[in-house]
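The opening position of the sequence shown corresponds to residue 3 in our numbering, with each subsequent residue numbered one higher.
I have placed the structure first, in the form of structure tokens, so that the comments after it can refer back to it.
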Amino acid sequence: MEKVMLSFDKVSAHYGKIQALHDVSLHINQGEIVTLIGANGAGKTTLLGTLCGDPRASSGRVVFDGKDITDWQTAKIMREAVAIVPEGRRVFSRMTVEENLAMGGFFAERDRFQERIKWVYELFPRLHERRIQRAGTMSGGEQQMLAIGRALMSQPRLLLLDEPSLGLAPIIIQQIFNTIEQLREQGMTIFLVEQNANQALKLADRGYVLENGHVVLEDTGARLLANEAVRSAYLGG
Numbered sequence: 003m004e005k006v007m008l009s010f011d012k013v014s015a016h017y018g019k020i021q022a023l024h025d026v027s028l029h030i031n032q033g034e035i036v037t038l039i040g041a042n043g044a045g046k047t048t049l050l051g052t053l054c055g056d057p058r059a060s061s062g063r064v065v066f067d068g069k070d071i072t073d074w075q076t077a078k079i080m081r082e083a084v085a086i087v088p089e090g091r092r093v094f095s096r097m098t099v100e101e102n103l104a105m106g107g108f109f110a111e112r113d114r115f116q117e118r119i120k121w122v123y124e125l126f127p128r129l130h131e132r133r134i135q136r137a138g139t140m141s142g143g144e145q146q147m148l149a150i151g152r153a154l155m156s157q158p159r160l161l162l163l164d165e166p167s168l169g170l171a172p173i174i175i176q177q178i179f180n181t182i183e184q185l186r187e188q189g190m191t192i193f194l195v196e197q198n199a200n201q202a203l204k205l206a207d208r209g210y211v212l213e214n215g216h217v218v219l220e221d222t223g224a225r226l227l228a229n230e231a232v233r234s235a236y237l238g239g
């Protein structure tokens, strides 16, 4: 029987009087890549926010590895081996690559720091080449590699990726998705929020479609990729 790593159970969320999520239910099994697709403003980033406590769910439950984390503080959630790569990367621009990675390793086991940083450099050789360069002087693609590497330094069991391909050149997007595939092969559980539905669904074991704060479809990545309604709405026909 597959182990559920993360579940949202009838989660609703509000921004003031505006309801952004309506009874959203979904789950991610251990070792899966699950993708959430939807148009801009559908509520994808808001759903990730309820996992990290911003905004808090106004009803429903968020459960990670059997623990109800709905009302937990963000730092406590991160200590449970959950890491997020936020939309827009948000690297520390005045710090070097290596200093950014060290910040990501804050919650990791101290005696494994060198092992983790070596692993990140193997995943992203470009970061090793740029290790003493300030992050703010790097390209968007390099910053995205750094944002993912920084998240991986914390030894996460669950990796959350919010629009990792946004604003990147096609060749860099392919590199990022190849790395995500490598992480899955190494047993990591990944929740991927993406507007680039074509790439995301090719990679995903399963996917959900979010529209106006409602889950309207759930299926395997392959079936969603072949679904005519999904193709028309998100894949340009």
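For each residue, glycine too, the CB sits at the ideal point set by N, CA and C.
Bounding residues of the alpha helix (DSSP H) (the contiguous stretch that carries residue i)
i, result
"glutamine 21", "Note, glutamine 21: premise wrong, no alpha helix (DSSP H); beta strand (DSSP E) at 20 to 31."
"phenylalanine 179", "172 to 187"
"alanine 153", "142 to 154"
"valine 122", "115 to 125"
"leucine 237", "It is not in any alpha helix (DSSP H) - leucine 237 carries neither H nor E in the DSSP assignment."
"threonine 48", "46 to 54"
Beta-carbon proximity check, residue i vs residue j, cutoff 8 Å
i, j, result
"phenylalanine 193", "valine 36", "yes"
"glycine 106", "leucine 129", "no"
"phenylalanine 179", "glutamine 201", "yes"
"arginine 133", "methionine 140", "no"
"glutamine 135", "valine 87", "no"
"glycine 209", "glycine 189", "no"
"leucine 227", "leucine 219", "no"
"valine 217", "valine 26", "yes"
"glutamate 183", "leucine 205", "yes"
"leucine 50", "aspartate 164", "yes"
"leucine 160", "phenylalanine 66", "yes"
"alanine 77", "threonine 48", "no"
"glutamine 21", "glycine 215", "yes"
"leucine 237", "alanine 199", "yes"
"asparagine 42", "glutamine 177", "no"
Cross-strand partners of residue i (DSSP beta bridge)
i, result
"threonine 37", "Leu194, Gly209"
"serine 167", "In DSSP, serine 167 forms no bridge with anything."
"valine 6", "Asn31"
"serine 61", "Ser14"
Coil, strand or helix - residue i by DSSP
i, result
"valine 84", "strand"
"leucine 161", "strand"
"aspartate 67", "coil"
"arginine 136", "strand"
"alanine 15", "strand"
"methionine 105", "helix"
"threonine 98", "strand"
"threonine 76", "helix"
"asparagine 229", "coil"
"glutamate 89", "coil"
"asparagine 200", "helix"
Own chain residues within Cβ distance below 8 Å of residue i, not counting five before or after
i, result
"phenylalanine 94", "Glu101, Asn102, Met105, Ala137"
"serine 156", "Met80, Ala83, Ala85, Gly106, Gly107, Phe108, Phe109, Ala110"
"arginine 114", "Gln157"
"aspartate 221", "Arg208, Gly209, Asn229"
Cβ shell of residue i (< 6 Å), same chain only, five flanking positions each side left out
i, result
"histidine 29", "Val6, Ser9"
"isoleucine 175", "Ser167"
"glutamate 72", "Reading off the sequence, residue 72 comes out as threonine, not glutamate. So the list reads Ala59, Arg63, Val64, once near-sequence residues are dropped."
"aspartate 56", "none"
"glutamine 116", "none"
Boundaries of the beta strand (DSSP E) in which residue i is found, first to last residue
i, result
"glutamate 220", "216 to 222"
Cut-off 7 Å between Cβ atoms - residues of its own chain near residue i, not counting five sequence neighbours on either side
i, result
"glutamate 213", "Gly40, Ala44"
"lysine 46", "Leu38, Gly40, Val195, Leu212"
"glycine 33", "Gly189, Thr191"
"tyrosine 123", "Leu129, His130"
"arginine 91", "Gln145, Gln146, Ala149"
"asparagine 31", "Glu4, Lys5, Val6, Met7"
"tyrosine 17", "Pro57"
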